[in-house]
Amino acid sequence: MTLVVVLVAATSVGCSAHGPTEGSLAVGGGSEFTLCITPHVGEDRALGATYATNEGSSDITITSVELVDATGVEVGDAFAVLDDGSDDGYSVGAPVPPDPEDDAYSVPAWERRVDAEGAVIAPGETWQVIQVVKVTSAADAGFEALRIEYTEDGSTRVAQNTTRMEVEGRGAQCE
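In this text, residue positions in the sequence shown follow full-length UniProt numbering: the first is 1, and each later residue adds one.
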């Protein structure tokens, strides 16, 4: 299935699935997807994004966020936004920071963001985790998934979604 993303006000709730996990952090919530993005070369964009829910009974602390098998991109900072029930998430593919005139939807999430590294997800909480990505090569930019490393009950664990990103017009899923 292919989904073209051009500054849509959609989130990756339905665009990612549960990947490898060793603990209580559930990421994604649907089936495997490929996001076909317009290559805004040289611009910081919210391309690595997933929702993460603590399904356990202990706090979870995010220790790192990274892209899996990334090519043709520069990875920036990652941030997290608590899903407070307001339906104000960050638009997948949107510029970072958001332009209030072009993407008012993302502004409330931007204002509530915290650094992903060190963010604490309490039991039952859901957070949107966003990896800032800059496309450096329109010819071959992409990644296979977003991986979140975290601690829970004193142990280091990992969760990974299965949302692949490719440049529109490139790759098997986006041609």
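From the three backbone atoms N, C-alpha and C, an ideal C-beta is built for every residue, glycine too.
Predicted, not measured: the structure shown is a model, and the values here were computed from it.
With the cut-off set at 7 angstroms, would you say residue i and residue j are in Cβ contact?
| i | j | result |
| --- | --- | --- |
| Ser64 | Glu152 | no |
| Tyr90 | Ala145 | no |
| residue 181 | Gly93 | The requested residue 181 is not part of the displayed model; the chain covers only 1 to 175. |
| Leu35 | Met165 | yes |
| Ala78 | Glu55 | no |
| Gly48 | Leu67 | yes |
With DSSP collapsed to three states, give me the class of residue i.
| i | result |
| --- | --- |
| Ala94 | coil |
| Thr126 | strand |
| Asp99 | coil |
| Val4 | Any reading at Val4 must be qualified, since the residue scores a pLDDT of 37, below 50, and its modelled position is unreliable; no value is offered. |
| Ala116 | coil |
| Gly42 | coil |
Taking the alpha helix (DSSP H) that residue i belongs to, which residues open and close that run?
| i | result |
| --- | --- |
| Glu111 | 107–112 |
For residue i, which beta-bridge partners are listed by DSSP?
| i | result |
| --- | --- |
| Asn54 | Leu25 |
| Gly48 | Gln131 |
How long is the line joining the alpha carbons of residue i and residue j, rounded to whole angstroms?
| i | j | result |
| --- | --- | --- |
| Thr156 | Arg113 | 24 angstroms |
| Gly72 | Ile121 | 31 angstroms |
| Val158 | Tyr150 | 6 angstroms |
What residue range does the beta strand (DSSP E) around residue i cover?
| i | result |
| --- | --- |
| Ala145 | 145–152 |
| Asp77 | 73–82 |
| Thr162 | Taken as a continuous stretch (DSSP letters only), Thr162 belongs to no beta strand (DSSP E), as it is neither H nor E. |
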